[in-house]
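Residue numbers (our numbering): 80 to 399. All C-beta atoms, glycine included, are put in the ideal place defined by N, C-alpha and C.
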Amino acid sequence: MKKEPGNLTLAGNANSTLEVSSRLQEASTVQAKQERLLIGLSLLTLFVIWGSTYLGMRIAIETFPPFLMAGIRFVAAGAILYLILRVRGAPAPTLKQWGGAAIIGFFLLVGSNGLVSYAQQWVASGISAIALAAVPLYTALMMGVLGRWPTRLEWVGLAIGFCGVVLLNLQKGIWVNPQGAIALLLAPLSWSLGSVLSTRITLASGLMASAMQMLLGGLEQLVMGVSLGERLTIWPTWRSLTALIYLILFGSLVAYCAYGYLLRKVRPALATSYAYVNPVVALILGVGLANESFTLMSAGAMVVILLGVALVSLRKKRET
80 MKKEPGNLTL AGNANSTLEV SSRLQEASTV QAKQERLLIG LSLLTLFVIW
130 GSTYLGMRIA IETFPPFLMA GIRFVAAGAI LYLILRVRGA PAPTLKQWGG
180 AAIIGFFLLV GSNGLVSYAQ QWVASGISAI ALAAVPLYTA LMMGVLGRWP
230 TRLEWVGLAI GFCGVVLLNL QKGIWVNPQG AIALLLAPLS WSLGSVLSTR
280 ITLASGLMAS AMQMLLGGLE QLVMGVSLGE RLTIWPTWRS LTALIYLILF
330 GSLVAYCAYG YLLRKVRPAL ATSYAYVNPV VALILGVGLA NESFTLMSAG
380 AMVVILLGVA LVSLRKKRET
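Listed below in structure tokens is the structure:
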């Protein structure tokens with residue numbers, strides 16, 4: 080029995096449609112796998128590199144003033160990344176995007192990173208990392224203010240986590256210089272606020288947003304340092320210079336770009352989940368390479384804070 084020409088055409092079109100649909104589905108699957116891989120690599124980058132930057136900052140400020148050191152770090156990293164992107168054809172940011180970058184750069188860099196550098200004049204690098212572990216707790220509270228209040232389990236996690244923060248601040252020696260202790264209390268709050276605002280403020284796309292935030296945030300840190308009377312009174316040692324170069328290339332260019340990518344792809348609670356691992360890495364490096372002390376109370380505070388963070392982040396990770 081002969082097939083009608085029209086039927087053959089319809090069958091051919093159907094097969095072509097199925098083939099195109101199959102290819103699109105395969106491409107979508109590959110793209111999804113690549114995105115999951117990039118998210119995983121970005122998280123791993125933050126876990127390892129940002130865990131080591133606490134010790135890097137501690138070494139850098141041996142001969143650099145804290146805010147000036149941080150400002151040099153981020154201006155250099157931001158300028159390098161900005162120039163690379165512009166040479167590769169990235170469009171010039173708008174005035175509104177520059178304004179958004181200035182706001183986010185202030186909270187992430189001046190209000191958080193700058194305060195951590197400032198505090199490390201008196202506080203061990205490992206203790207600074209434990210204090211920053213509270214970032215997801217503050218983030219959860221701020222998301223509540225914006226209308227996404229924590230669940231009962233998350234409230235339990237918040238209560239436990241903040242008990243850990245109190246325990247950390249009760250240990251002997253941390254309040255020897257109140258300025259350092261207060262700076263460590265404010266730093267995670269500022270970082271959380273910047274992270275949440277970054278999802279609601281007009282920013283440039285991709286790495287350009289990271290470059291602009293580092294560049295403007297670094298300039299703001301330099302202004303802060305000069306305003307506080309910081310000066311380079313001695314020539315920096317090679318040890319401090321090496322630490323600063325590491326912070327520029329890895330702690331800023333590599334890790335900060337990874338963090339910016341995560342903020343664009345996942346919820347803030349997952350993007351800040353590096354807080355699980357950073358304290359452990361920082362403590363190991365601080366004790367092993369810098370002979371920093373580590374007390375049982377510090378260990379207890381870290382465990383309590385991370386338990387609270389785990390409870391707060393558990394549901395959010397499943398929803399991401």
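First and last residue of the alpha helix (DSSP H) that includes Ala156?
-> 145-166
Nonlocal neighbours in the same chain, by C-beta distance under 6 Å from Glu141, ignoring five residues either side = Ser319
Segment limits, alpha helix (DSSP H) that includes Gln56 = This structure cannot settle anything about residue 56, because the visible part of the chain is limited to 80 through 399.
With burial defined as no fewer than 16 other Cβ atoms inside 10 Å of the residue's Cβ, what is the status of Ile209: buried or exposed?
-> buried
Assuming Ala283 and Gln176 make a contact with CB atoms under 8 Å, what is their CB distance in whole Å?
-> 5 Å
Among Trp270, Thr218, Pro144, Ala171, nearest to Gln199 - alpha-carbon criterion | Pro144
By Cβ distance, which residues of its chain are closer than 7 Å to Gly296, with the 5 residues on each side in sequence left out?
-> Phe153, Gly184, Phe185, Leu187, Leu188, Val189
If we count Cβ pairs, one from each stretch, closer than 8 Å, do we get three or more for the region 159-177 versus the region 297-313?
-> no
C-beta atoms of Pro358 and Thr218 nearer than 8 Å = no
Write down the C-beta distance between Tyr412 and Ser121 rounded to the nearest angstrom, noting that I regard them as a contact closer than 8 Å.
-> Shown here, the chain extends from 80 to 399; a query on residue 412 therefore has no answer.
What residue from Glu114, Met136, Leu123 has the CA that sits closest to Ile364's CA?
-> It is worth fixing the name first, because residue 364 is Leu in this sequence and not Ile. The option with the nearest alpha carbon to Leu364 is Met136.
What residue does the alpha helix (DSSP H) around Val127 start on, and which one ends it?
-> Run containing Val127: none; DSSP gives neither H nor E here.
Gln197 lies in the alpha helix (DSSP H); which residues open and close that run?
-> The sequence shown places Tyr at residue 197, rather than the Gln named in the question. Its alpha helix (DSSP H) spans residues 194-198.
Start-to-end residues for the alpha helix (DSSP H) that takes in Leu206 | A quick correction: the sequence has Ile, not Leu, at residue 206. Element bounds for Ile206: 204-211.
May I have the straight-line CA-CA distance separating Gly259 from Ser207, to the nearest angstrom?
-> 10 Å
For Thr108, the three-state DSSP class (helix, strand or coil) | helix
Looking at the C-beta of Asn192, does it have a partner C-beta in chain B at a distance below 8 Å?
-> In summary, chain B is missing from the structure at hand, where a single protein chain is found.
What do you get for Ala171, buried or exposed, if any count of 16 or more other CB atoms within 10 angstroms of its CB means buried?
-> exposed
Under a Cβ-count criterion, where at least 16 other Cβ atoms within 10 Å of its own Cβ denotes burial, should Pro257 be classed as buried or exposed?
-> exposed
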